[in-house]
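In what follows, a structure is listed as structure tokens, so that the remarks can point back to it.
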Amino acid sequence: MKFRAKIVDAACLNHFTRVSNMIAKLARTCTLRISPEKLNFILWDRQPSGGASTWCELEQENFFSEFQMEGVSAENNVIYLELTSENLSRALKTAQNARTLKIKLTNKHFPCLTVSIELLSVSNSSRIVTHDIPIKVIPRKLWKDLQEPSVPDADVSIYLPVLKTMKSVLEKMKNISNHLVIEANLNGELNLKVETELVCVTTHFRDLGNPPLASDDASLDRDPAEMVAVLVDIRKLLPFLAGQQVNPTKALCNVVAGRMVHLDVLHEDVSLQCFIPALALA
Amino acid sequence: MLKCGMSGIFGKAIQALSRVSEELWLDPSEKGLALRSINSSSSAYGYVLFSSVFFEHYQWSTLENVNDNDRSLYLNCKLGMKSILPIFRCLNSFERNVEKCTIFTTSDKCKVVIQFFCRYGIKKTHTVCFQESRPVQVNFEKNMCCNTLMIQPRLLAEAMVLFSSNQEEVTLAVSSLNLCLKSSRGESAGLTNSVYSEMIIGPDEFDLFQVGLDTEITFCCKELKGMLTFSEATHVPVSIHFDFPGKPVAVSIVDMLLEANFILSTLADDPGGAHSPPLLCLSQARRRSHRRRLDSKAGVGGAAQAPECISRKAAPKRLCPPGTPAKNSNSKDWAAEHGGCPQLKRANLDDIREASKSCASGAEDDRGSFSLRKFSSMFFGAVSSDQREHLTCPSESLATASDSDID
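Same order as they appear, the protein sequences are chains A and B.
For the first sequence, the working numbering puts the final residue at 282, and the numbers step up evenly by one.
For the second sequence, the working numbering puts the final residue at 689, and the numbers step up evenly by one.
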């Protein structure tokens, strides 16, 4: 198994650092999937009740000037690694004004992802910074859990409002209850609702717009004003919103009534999808 | 009296020393005011000397009567970091608000009074009780070290950022080619989750790069980080002096106005695997046991206008004027146990311990001749009539007040 990649462009480096920061905010451990064309960060919340999972994908050629990998075997030309997300983001943070950044898979005492940074300092001499991030190679038998989740057939697809607004609303709602009802319709209306015995609070977002429908008969039959709802845990949704540091290029929400909500966010060329299952009603 | 800009630096020195230990010795002398701190395991020692020119007005005077014992007559003032650190805590506002700062001690009271004269006529007075304790002094011949590096503090701080806050130790490996700052292997070998980081710095980034011995030393970075913050405030380059592993490393800054030395013990190259840094095995000078003679200055002679004096306490009861209850439990406890010199926690500072014992034994002898004993008087701050006025005003006392506190 081999992997080596190099970033020389400052903008690419910053973008990659931002992605890594976002992942670090979402979960403590993440899986890095390396394939010839893509790099994926996979966050899999292994909970028996069904946890949220996040799938982040980026095209390697948008970031790396050099990219070479060799997977486990010719047929399975992929590498799955598990690492602590914060280790990577912290290592990348030191690369702010780097001339070059190299990442490679090494085995010094234990398997590591070695991040090697060439910094240009004030006195025009370069400093070399190396971080050896310990990783675990994930055996092939566990790969099946780490495949890209299929995008569900949504009942309603709607564009999300400004994420920062949504996040601040949800943060306050969390104090009332953890059970959040997400309702959306094809008229560009989204409602977020929390309810207790004493109080019911709903935030209404209007004029959000809906992406063009795929030619699907079931969707066409739906009354545009009809709300489709799903009950989820706020605590699974908030970290996802908190991790978005900049406004995404595109943010979409797909609601599958009573089953799950699928958030699809695109940051320039990095796609981040979050699949949150519905809470099982008692 | 400290100029306003300087209060910030003074405060930063205290903050840096607070990383070393919970106790601070205030040690004024003719040269200036020294702040000293040593940690409980004797593996780190901090010393900052503010020369007399650092202060707008600095006065330290002693009055000495002929006496036949060999006592040093310095202010043996030990403050708790918890008391003094909050006073200098809000440093950012210092630059803007504080115009003047005076520090002086009051006679017979074992108190240090720190006053801030701020904008809009606001005056803040802090009174801190101190314990009498002979300051520890560590002598380390840093100029005798094989390796000396001098670097701008900002550059070193950039390197230290690499190391996450949960990494306690850092290794400095130097060769004639470069310096390598890396996380200590000892820690990460066992834990498979910590990142091993390394930064290689070339010699041209240093103001001085003198390597006589290719070596690798490991020490705690907590105190180093404190020192770096302080040195960044002073804009003076940091010098690092070291030798082989096991011998302490000295991190110092030297300037016309101040001199700071942080001496940290390093991990010895012990194949047995020493896990804790060895205690400072340095020659520790006995605290100025020789008598100092100072000609009595005019200012000290006249009692009416005399700068405030501290009498050298011979007997524990004398801490408080007779007839008053003990000020606080601290002084009472140690006074009861040790007769004048408080217990010292460190196990291996044998020299100091002997000194304290002699102090204690001497104290008994002297009880009778207390009134004849030499006074050591110290203050720095303006000598003016204002001062007495401040004294007569009730000042906030952090210790349990006793009625006869105020003269």
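Glycine is no exception: its CB is placed at the ideal position from the N, C-alpha and C atoms.
| query | result |
| --- | --- |
| Please list the residues of the segment 120-145 of chain A that have a C-beta atom closer than 9 Å to any C-beta atom in chain B, keeping them in chain order. | S121, V122, S123, N124, S125, S126, R127, I128, V129, T130, H131, D132, I133, P134 and K136 |
| Along the chain, where does the alpha helix (DSSP H) that runs through N293/A open and close? | The first residue shown for chain A is 1 and the last is 282, placing residue 293/A beyond what the model contains. |
| For A91/A, return the contacting residues in chain B, with the cut-off set at a CB-CB distance below 7 Å. | V477 |
| Do L32/A and L83/A have their beta-carbon atoms positioned less than 8 Å apart in this structure? | yes |
| At what residues does the beta strand (DSSP E) containing H523/B begin and finish? | V520 to F524 |
| Let me know the secondary structure DSSP gives C259/A once reduced to three states. | For clarity, residue 259/A is Arg in the given sequence; the question names Cys instead. Reduced to three states, the DSSP call for R259/A is coil. |
| Taking the continuous beta strand (DSSP E) assigned at C56/A, which residues delimit it? | S53 to E59 |
| Can a CB atom of chain B be found closer than 8 Å to the CB of T84/A? | yes |
| Is there a Cβ of chain B sitting closer than 8 Å to that of T94/A, yes or no? | yes |
| Cβ of L438/B within 8 Å of Cβ of V531/B? | no |
| When we look at the beta-carbon of Y478/B and count the other beta-carbons within 10 Å, is it buried (16 or more) or exposed? | buried |
| Consult DSSP for Q341/B and reduce its assignment to one of helix, strand or coil. | strand |
| With three or more beta-carbon pairs closer than 8 Å as the criterion, would you say the segment 173-180 of chain A touches the segment 149-161 of chain A? | no |
| Considering only residues of the segment 78-166 of chain A, which uninterrupted beta strand (DSSP E) runs meet the minimum length of 3 residues and lie entirely inside it, listed in chain order? | 79-84, 98-108, 110-120, 126-134 and 156-159 |
| Do you know whose CA, among Q297/B, G484/B and Y329/B, lies nearest M432/B's CA? | G484/B |
| Return helix, strand or coil for H15/A, following the three-state DSSP convention. | helix |
| Against chain B, with Cβ distances strictly below 8 Å, would N21/A count as a contact? | no |
| With DSSP run on the structure shown, which of helix, strand or coil describes S289/B? | helix |
| Mind checking which residues open and close the alpha helix (DSSP H) that includes T506/B? | Sequence inspection shows Leu at residue 506/B; the Thr mentioned does not correspond to that position. Start and end: C503 to T516. |
| Terminal residues of the continuous beta strand (DSSP E) containing S479/B? | Y478 to I483 |
| Just curious, the alpha helix (DSSP H) that E440/B is in, first and last residue? | P435 to M442 |
| Identify every residue that forms a DSSP beta bridge with E542/B. | Here the sequence assigns Ala to residue 542/B, which means Glu is not the residue at that position. Paired residue(s): V330/B and I535/B. |
| Verify the CB distance criterion: does N87/A have a CB-CB separation below 8 Å to chain B? | yes |
| Under 7 Å Cβ to Cβ from Q59/A, same chain only, skipping five residues before and after it: list those, please. | The question names Gln, yet the displayed sequence has Glu at residue 59/A. Around E59/A: E37, K38 and D269. |
| Compute the distance between the beta-carbons of E305/B and S319/B, then report whether it is under 8 Å. | yes |
| I'd like the span of the beta strand (DSSP E) that includes F41/A, first residue to last. | K38 to W44 |
| Excluding the 5 residues flanking V380/B on each side, which residues of the same chain have their C-beta closer than 6 Å to its C-beta? | C286, S289, F398 and C400 |
| Which of helix, strand or coil does DSSP assign to L549/B? | coil |
| Using a 10 Å radius around the Cβ and a threshold of 16 neighbouring Cβ atoms, would you call R90/A buried or exposed? | buried |
| Check each candidate in M481/B, V443/B and Q434/B and name the one with the smallest Cα separation from H517/B. | Q434/B |
| Listing by chain order, which chain A residues have their CB less than 7 Å from the CB of L444/B? | T94 and V129 |
| Looking at C-beta atoms only, is the number of pairs between the segment 408-422 of chain B and the segment 502-515 of chain B that lie closer than 8 Å three or more? | no |
| Which partner residues does P310/B have in the DSSP bridge list? | L315/B |
| Span of the beta strand (DSSP E) holding K360/B? | C359 to G362 |
| On the criterion of 16 or more Cβ atoms from any shown chain inside 10 Å, does F110/A qualify as buried, or is it exposed? | exposed |
| In this structure, how does DSSP classify N429/B when only helix, strand and coil are distinguished? | strand |
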